[in-house]
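K.L.:
Residue numbers (my numbering): 87 to 312.
C-beta atoms are modelled at their ideal positions from N, C-alpha and C, and glycine is treated no differently.
1. Taking Cβ to Cβ, would you say residue 141 is nearer than 8 Å to residue 208?
2. Contact defined as beta carbons within less than 8 Å: I believe residue 226 pairs with residue 291. What is the distance between those atoms, to the nearest angstrom?
3. Starting from the Cα of residue 221, find the closest Cα among 115, 120, 105, 201 and give me that residue.
4. Would a C-beta distance cut-off of 8 Å place residue 321 and residue 175 closer than the cut-off?
5. Along the chain, where does the alpha helix (DSSP H) containing residue 153 start, and where does it finish?
6. Pull up the distance between the alpha-carbon of residue 152 and that of residue 143, whole angstroms please.
7. Since I believe residue 164 is in contact with residue 239 (beta carbons under 8 Å), could you give me their beta-carbon distance rounded to a whole number of angstroms?
8. So the alpha helix (DSSP H) residue 136 belongs to, where does it begin and stop?
9. Excluding the 5 residues preceding and the 5 following residue 284 in the sequence, name in chain order all residues of the same chain whose CB lies nearer than 6 Å to its CB.
10. Starting from residue 277, trace the alpha helix (DSSP H) both ways and give me its first and last residue.
11. Taking DSSP as the reference, what is the three-state secondary structure of residue 205?
12. Starting from residue 221, trace the alpha helix (DSSP H) both ways and give me its first and last residue.
13. If you reduce the DSSP assignment to three classes, tell me which class residue 310 lands in.
14. Terminal residues of the continuous alpha helix (DSSP H) containing residue 238?
15. Assuming residue 125 and residue 217 are in contact, meaning their beta carbons sit under 8 Å apart, how far apart are those beta carbons, in whole angstroms?
16. Can you grab the Cα-Cα spacing for the pair residue 211 / residue 267, in whole Å?
17. Report the option in 213, 255, 113, 232 whose CA atom is closest to the CA atom of residue 139.
18. Is it buried or exposed, residue 162, if we count other Cβ atoms within 10 angstroms and call 16 or more buried?
19. Under a three-way DSSP split, which group does residue 265 fall into?
20. Give every residue of the same chain whose Cβ lies closer than 6 Å to the Cβ of residue 235, excluding the five residues on either side of it in the sequence, and list them in chain order.
21. Reducing DSSP to helix, strand and coil, say where residue 332 ends up.
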């Protein structure tokens, strides 16, 4: 077996060994609370409003934001200083965390969409694009915090930054760049082109901030460089 093949096998073995510890250290409380709040918001579209498309759309946006605030805690790792020394890289560890949570997130978002009555439900693809961009933005912000901050659990600061951005952005953007428009607004299609670019940019930032900085790589290698 080639050296590259052996490295992939070792990485897979270590990833399986990390599965249990990662499951135990995931921020289930924050994720559960965010999911519950999000589903309550989506449910309000069925139980508390009567045929208001604009309010239903904004309740789904609020649901996506609630889920994203939970994701802001996803990369928190209380054992960060010890996992630096394991042979599996940080991007692999982060990908494992996301992979474990992704099915629950997809299920929760599907339920949220179904809670909105069909006659006032916004276009599923477009509003899901908004949600996906919001989720990846939260993960990108968490990755930036982990890369440039020594704190093992920066989730609270990341969540505060995400929430602040969600409040400020609609107020700061000029009308021609509006992101949060109604379904019947003529800017709807253009706004979702911008959402797609936001999703791509956030994904690039997340990937770029995944690897450890050089100093932390040196710590992983040890004084001997082994």
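P.N.:
Reading from the atomic positions:
1. no
2. 4 Å
3. 120
4. The question about residue 321 has no answer here: the residues shown for the chain are numbered 87 through 312.
5. 139 to 157
6. 14 Å
7. Separation of the CB atoms of residue 239 and residue 164 is rounded to 6 Å, and the pair is thereby assigned contact status at 8 Å.
8. Careful: residue 136 lies outside any alpha helix (DSSP H) and carries neither H nor E.
9. So the list reads 219, once near-sequence residues are dropped.
10. 274 to 294
11. helix
12. Per DSSP, residue 221 belongs to the alpha helix (DSSP H) from 210 to 234.
13. With a pLDDT of only 41 at residue 310, under 50, the local geometry of the prediction cannot be trusted, and the value read off the model is given with reservation. Of the three classes helix, strand and coil, the one that applies to residue 310 here is coil, per DSSP.
14. Element bounds for residue 238: n/a, residue is neither H nor E.
15. Rounded, the Cβ-Cβ distance is 13 Å, inconsistent with contact.
16. 15 Å
17. If we check each option's Cα against that of residue 139, 213 comes out closest.
18. buried
19. coil
20. Within the same chain, and ignoring the five residues on either side of residue 235 in sequence, no residue has its Cβ closer than 6 Å to its Cβ.
21. Any answer about residue 332 is impossible in this case: the structure gives the chain only from 87 up to 312.
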